[in-house]
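Residue numbers (my numbering), protein chains in the order written: chain A, -1 to 170; chain B, 18 to 651.
Positions of the beta carbon are idealized from the N, C-alpha and C atoms, including for glycine.
This report concerns only the one structure given below.
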Amino acid sequence: MLKEAIPGATTISVLWNPSEPVNVVEWDAIQGASTTVGVRLLSVPVRQTDELGAAFATARQGSDAICITGGAFESNNSDRIVQLATQHRLPAVYGFREFVAKGGLMSYGTNAPGMYRRAAGLIDRILKGAKPSELPVEQPTSFDLAVNAQTATDLGITWPESLNARVTDVIR
Amino acid sequence: MVAVDAEAPLSRLSSDSDGVAARRRRGGLFRKYAALFACLVGGILVTGGALEGYLSFQDHQAHLVVIQQERAKAAAAKIEGFIGEIEHQLTATVRAPRLAGTMTPEQRRGDYLRLLRQAPAVLEVSYLDANGREQERLSRISMDGPRGDLDLSQDPRFLQARRGGIYYSPVYFRNESEPYLTVALADEGRDPGVTTAEINLKLIWDIVSRIQVGRGGRAYVVDRDGQLIADPDISMVLRRTDVSMLPQVAVARTAPARSDEARQAAVARDSQGRQVLAAYDTIDPPGWIVFVEEPLAEALAPLYGFLLRALALLVIALGATVVISLALARRIVRPIRALQAGATRIAGGALDQRIEVRTGDELEDLAEQFNHMTSELRTSYSTLENRVEQRTRELAELNHTLEDRVRQQVDDLERVGRLRRYLAPQLADLIVSSGDESMLKSHRRRISVVFCDLRGFTSFSEAAEPEEVMEVLGEYHAVLGEAIRRYEGTIAYFQGDGVMVFFNDPLPQPDHAEGAVRMAVFLREGVAGLVRAWRRRGHSLGLGIGVAVGYATIGRIGFEERYEYTAIGSVANMAARLCAEAADGQILISEPVQGMVEELVETEQLGTLTLKGFQHPIPALNVVTMRDARRPAT
């Protein structure tokens, strides 16, 4: 989607934390998708918060846009990440809507609070004696494409019509 | 109540024994009636209640079944709605009317994007051309873009869709855990392409979990193969739980074409083995079945509640029945008891109390009759008493009278007895019967006096044995008595052989002189016979008689118990002296006597006699015979 938003992008950085299994999976998937989309990927692994600044500097230098994977680390440092993206004028796609609310350009992902609620339900069942091994993994059902109009304007991005049809949230 | 008292002990005795028996039977009527009422009304209540209960129970049960069925229908409708919505969206997208020729890929893409937006359940939508090759693909989770190497020309979704209508794939599980459905619809026209969409069925879970089936009930959806595809507990679905063994599922699957009426909610077991009331309905077009289950206990709770309420009401009603029965029986029995008590009282003799019964019906009448009877009894009692009293009084009086009479008779008898001693018996009787003794009071009258005694008696009595004397006297007296009686003379006194008799007193005898003389004559003749007999026995006796007439004072002299009715006067002396002078067989009379009887008697002159007590010599005559010569038999 980032490629659709920024058709001119040839290299897209991917910020990911190798320590997080979630990020690892996502990184693999992105790698698989990059060929289809037709972009080169720049891996920007970050393990600590203080590495973020350097990471973004690297990204700015080597790519046109950045894809922030969706993980706990990224969510914990959301403010910093968004700030850095804005600072470096890097169009970014995030995993959660919350980033876009804070000023990120766009996000495509599931409803995090909803997911957490579901998780709470599962925890409740585990606490009541259900065996985690018997509890099924639940996949998300709804996916949101959130866009920050202001950021888009700031970055001078014209929103393509194809993406327009898929936008679910517009934050101004 | 004198008379009644005498009888009272008897009557009380009988009433007591009856009373004991009555006490034993007491309360029987009350119990009987109370039991009767209670049983009657209670029986009706119970019977009616039972019948009602049974019928209502049936009704309720049928109702519950119907409700459950309706719930299943509603659930099916909701899910059909969901599917229908997707159908609609898909159809609208694929079969949207177009004016200009065939669709360009861009147009199609745009349509698909809209579809994605409008149908959140759609995960992916792709387009297969007429050869079954994917030309376009839009996905929410994977990369867009057609998978050119995919040949779906033999895939059922391609083939079936081209045959017409919407194709619904069997439910499959993505990633081994999520239920999905593939829906395919072909374009219009000849040799069409096919649009396929992957539908995430987790959204049905939302619907199903929101379907309320009581408190403990749930709805779930099962596909054609018996796989659970939607359940309030999503984990059951994601675990691919197989519910085809449940009885209700088996039934539903084997007879999907059953009409609505034939489908009946029934008792079954859920996947935990609990008893539930299960109803189902089919969801077409996919051919799924939605089940609505409610724990049997909960489903039947209203029923039990109803039964409990009915039972409680019945118990209350029965309780009320008992109370009312007791009250009613009391009402009925009380006047009867009053009557009974009253009757007992009456039997016991208490006739002064009224029986009070105010029921305004036949019982009151009966009480009135009782009271009437009681007052009648009272009246007759008092009448009886009065009569008895009267009789007693009368009797007492009669007694008194009798006693008086008897006393009087005794007195009379005594008096007669007494009077008879010296009065002629008839006279005595007359005086006593008349009760008039006034004639015995002292008075003066002209009377004829006869004296007689036996000559030679004194020497005889000295010489003879007492027995002989008594014998002689007895014979003599017998004659004397006869004579006096015959001629109704009054005996003045007896003195051994002498006797004084006078005539014309107390009853007037006009011919008293004649009577006296005749008696004297009779005596002479009577005694003459005796004299001859005495002489033969060796006794020398004779009879001398003197008769005089004149005034004398006559009355009773003596003292109580020994009264003598005698005459005092010279005439008595005269007669006595004349008697003394008379020899045996002589009747000496004075001249006045002669003067009164001279035609009747033959007399001989005896000259004058000098009598003691009389200054002048008295001429005396001897009566020889009566001129009519009545000779007495000897």
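Endpoints, the beta strand (DSSP E) within which residue i is located
i, result
"A/I121", "A/I121 -> not in any beta strand (DSSP E); alpha helix (DSSP H) instead, spanning 110 to 125."
"B/W305", "305 to 312"
"B/P352", "Counting along the chain, B/P352 falls outside any beta strand (DSSP E), though it belongs to the alpha helix (DSSP H) covering 318 to 365."
"A/W14", "9 to 14"
"B/I300", "292 to 300"
"B/N217", "211 to 217"
"A/Q148", "Not the beta strand (DSSP E): A/Q148 falls in the alpha helix (DSSP H), residues 147 to 153."
"B/T642", "635 to 643"
"B/E619", "618 to 626"
"B/R579", "579 to 585"
"B/E195", "195 to 203"
"A/D167", "167 to 169"
Residue i to residue j span [Cα, whole Å]
i, j, result
"B/I224", "B/K95", "7 Å"
"A/E96", "B/S170", "44 Å"
"A/D142", "B/L130", "14 Å"
"B/R227", "A/L120", "19 Å"
"B/E97", "B/R112", "21 Å"
"B/Y185", "B/V268", "23 Å"
"B/R362", "B/L356", "10 Å"
"B/A352", "B/R375", "One detail in the question is off: residue 352 of chain B reads as Pro in this sequence, not Ala. Near 8 Å, if we compare the C-alpha coordinates of B/R375 and B/P352."
"A/F71", "A/N146", "22 Å"
"B/Q370", "B/V427", "55 Å"
"B/P319", "B/A329", "15 Å"
"B/R241", "B/V260", "12 Å"
"B/L368", "B/I61", "46 Å"
"B/V21", "B/E393", "Note on B/V21: pLDDT 44, under 50, position unreliable in the model; no value is reported."
"A/G112", "B/V293", "33 Å"
Neighbour list for residue i in chain A, Cβ cutoff strictly below 8 Å
i, result
"B/I158", "F141"
"B/R131", "A163"
Contact check, residue i vs residue j, beta carbons under 8 Å
i, j, result
"B/V466", "B/V588", "yes"
"B/I216", "B/Y197", "yes"
"B/T620", "B/N590", "no"
"B/D514", "B/F474", "yes"
"B/D522", "B/R462", "yes"
"B/A599", "B/I562", "yes"
"B/L167", "B/V188", "no"
"B/I300", "B/V309", "no"
"A/I10", "A/D62", "yes"
"B/I349", "B/Y50", "yes"
"B/L68", "B/A316", "no"
Where residue i falls: helix, strand or coil (DSSP)
i, result
"B/Q135", "helix"
"B/D242", "coil"
"B/V254", "helix"
"B/F511", "strand"
"B/V427", "helix"
"A/S73", "helix"
"B/V420", "A small fix is needed here, since residue 420 of chain B is Glu in this sequence, not Val. Three-state DSSP puts B/E420 in a helix."
"B/M613", "helix"
"A/V42", "strand"
"B/S226", "helix"
"A/L103", "coil"
"B/F539", "helix"
"B/V534", "helix"
"B/R461", "strand"
"B/R573", "strand"
"B/M591", "helix"
"B/S32", "Bear in mind that the predicted position of B/S32 carries a pLDDT of just 46, short of 50, making it too unreliable to give a figure here."
"A/F141", "strand"
Residue i: contacting residues in chain A (beta-carbon distance under 7 Å)
i, result
"B/E195", "Q137"
"B/P137", "S140"
"B/R154", "None at all; the shortest Cβ gap to chain A is about 11 Å."
Interface residues of chain A facing residue i [CB-CB closer than 9 Å]
i, result
"B/G127", "E159, S160, A163"
"B/R134", "A163, R164, V165, T166"
Residue i - containing alpha helix (DSSP H), residue span
i, result
"A/V91", "No alpha helix (DSSP H) contains A/V91, which is instead part of the beta strand (DSSP E) from 90 to 92."
"B/R375", "Where B/R375 is concerned, there is no enclosing alpha helix (DSSP H), given that its DSSP letter is neither H nor E."
"B/E499", "483 to 504"
"A/H86", "It is not in any alpha helix (DSSP H) - A/H86 carries neither H nor E in the DSSP assignment."
"B/Q78", "45 to 111"
"A/A55", "50 to 60"
Residue i: CB within 7 Å of a non-hydrogen atom of the ligand GTP
i, result
"A/D77", "With respect to small molecules bound, the structure shown includes none, and the ligand GTP cannot be examined in it."
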